[in-house]
Amino acid sequence: MFTSPGDNSAHRTIYIDDPGTLFFAGDIHGHIHLLKEAMDKAGFKPESGHKIILCGDVVDGHRGSTQAVAFLHHEYVDSVLGNHDVMMLNEAPKCDEKTYRIIADYFSHDNAVWQLKEYIRGNYRFVMEKDFVPLPQIIEQDRDFLRWVANDGDWYFRCGYGEAKLALRKLQEANLPNTIEIKTPEGNIGVVHAAVPRLDWQALRSKRDVAVNDDSLWARRRLVAYQEGKISSDDFRDIEGLNALVLGHSNVKPGEICVINNSWYLDTNTKSGNMPCVIRASDILAGKKPG
158 MFTSPGDNSA HRTIYIDDPG TLFFAGDIHG HIHLLKEAMD KAGFKPESGH KIILCGDVVD
218 GHRGSTQAVA FLHHEYVDSV LGNHDVMMLN EAPKCDEKTY RIIADYFSHD NAVWQLKEYI
278 RGNYRFVMEK DFVPLPQIIE QDRDFLRWVA NDGDWYFRCG YGEAKLALRK LQEANLPNTI
338 EIKTPEGNIG VVHAAVPRLD WQALRSKRDV AVNDDSLWAR RRLVAYQEGK ISSDDFRDIE
398 GLNALVLGHS NVKPGEICVI NNSWYLDTNT KSGNMPCVIR ASDILAGKKP G
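According to the numbering used here, the sequence shown is numbered sequentially starting from 158.
As structure tokens, this is what we get:
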């Protein structure tokens, strides 16, 4: 970590003299090997004083999530919280070793993940007809826990109890904020995982407590409306008080970033194996998309 929370642990403000030394990356979902490859291609060099901020969703989707969490503890790395990070922080502590091993055994069945995804959609009868594997009690009775494990949290139960608990402790110790604002001589950049509720950046950065289901972690409405042609780029309002807003969580085309006015969506759907976007703050402030 290279930022400090000050008196509000949910927000951090940093000052950078040269925005060419600061990089951003979209969601990585445990694909730490892809992130490091993308950093190399972007010219990232920690020995040159470079720093990088991730847009959240560091975990879930790949067994490399343990290494991804450890990566957060380098002095040149920081990140905001993503909805997957928050789910892990809230749900993983519910498992003692006995419960962990019951769920790990459940995930040893070939169709366990498919079954959970159908179950969470409400297709109970269909699931029961397809070689149904009995659900562990905590999955069946706890909807929030079900949502986590059915949405790529299964890696936590495939890596072994010791490694899983270490990953949880490292994520807790990272104490990630909900928002980061970077102030540079060329302009200011805000970072949040999903959205700015009511387009009010000042109100969001002032929040001291962020609910698990907060729009800043989950919302896609504005981008979806743009994708569906319900609003044009002219109607896609800038986030006031910032030269640019950097987000993850949503993508328009897998493998590509999306820039609409001063909002930069960096999620390239790395969860599916696409290379994450790594881009300099100076390029964002200059309006220069990756070639």
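All residues carry an ideal CB built from backbone N, CA and C; glycine is no exception.
All figures in this text were calculated on a predicted structure; none of them were measured in a lab.
Backbone secondary structure at residue i - three-state DSSP
{"i": "Tyr313", "result": "helix"}
{"i": "Gly344", "result": "strand"}
{"i": "Val435", "result": "strand"}
{"i": "Phe180", "result": "strand"}
{"i": "Ala401", "result": "strand"}
{"i": "Tyr233", "result": "coil"}
{"i": "Glu338", "result": "strand"}
{"i": "Leu238", "result": "coil"}
{"i": "His186", "result": "coil"}
Cutoff 6 Å; reference residue i; Cβ partners in own chain excluding five residues on either side
{"i": "Gly279", "result": "none"}
{"i": "Leu273", "result": "Ala307"}
Nearest neighbour of residue i, chosen from the options [CA to CA]
{"i": "Gly200", "options": "Thr256, Arg365, Trp271, Ile436", "result": "Ile436"}
{"i": "His496", "options": "Glu385, Asp392, Ser429", "result": "Summary: the structure shown does not reach residue 496, with the chain confined to residues 158 through 448, and so no result is reported for it."}
{"i": "Trp312", "options": "Val290, Ser236, Tyr257", "result": "Tyr257"}
{"i": "Asp217", "options": "Ala307, Asn268, Glu297", "result": "Ala307"}
{"i": "Asp357", "options": "Ser373, Arg326, Pro293, Ala368", "result": "Ser373"}
{"i": "Glu194", "options": "Lys445, Asn431, Ala443, Ala438", "result": "Asn431"}
{"i": "Leu442", "options": "Trp421, Asn426, Ser363, Cys434", "result": "Trp421"}
{"i": "Leu255", "options": "Pro293, Asp299, Asp440", "result": "Residue identity check: residue 255 is Lys in the sequence provided, not Leu. Per the Cα distances, Pro293."}
{"i": "Arg326", "options": "Ala225, Ile337, Ile417", "result": "Ala225"}
Boundaries (first-last residue) of the alpha helix (DSSP H) holding residue i
{"i": "Leu423", "result": "Segment: none, Leu423 is in no alpha helix (DSSP H) and carries neither H nor E."}
{"i": "Arg326", "result": "318 to 331"}
{"i": "Arg378", "result": "378 to 384"}
{"i": "Leu361", "result": "358 to 363"}
{"i": "Lys455", "result": "Outside the modelled stretch of the chain, which goes from 158 to 448, sits residue 455, for which no answer is possible."}
{"i": "Lys208", "result": "Where Lys208 is concerned, there is no enclosing alpha helix (DSSP H), although the beta strand (DSSP E) it sits in stretches over 208 to 211."}
Expected contact under 8 Å - CB spacing of residue i and residue j to nearest Å
{"i": "Leu105", "j": "Ala351", "result": "Given a span of 158 to 448 for the chain in the structure shown, any question on residue 105 remains unanswerable."}
{"i": "Cys212", "j": "Ala182", "result": "7 Å"}
{"i": "Gly221", "j": "His188", "result": "6 Å"}
{"i": "Val207", "j": "Thr170", "result": "Contrary to the premise, residue 207 reads as His rather than Val in this sequence. No, His207 and Thr170 are not in contact; Cβ-Cβ is about 20 Å, not under 8 Å."}
Own chain, CB closer than 8 Å to residue i, minus 5 neighbours either side, in chain order
{"i": "Ala269", "result": "Tyr263, Val290, Asp311"}
{"i": "Asp301", "result": "Met244, Asn247, Glu248, Val369"}
Sequence-distant residues of the same chain with beta carbon closer than 7 Å to residue i, five excluded per side
{"i": "Ile277", "result": "Leu303, Arg304, Ala307"}
Range covered by the beta strand (DSSP E) that runs through residue i
{"i": "Leu292", "result": "Looking at the DSSP string, Leu292 is not in any beta strand (DSSP E), and its letter there is neither H nor E."}
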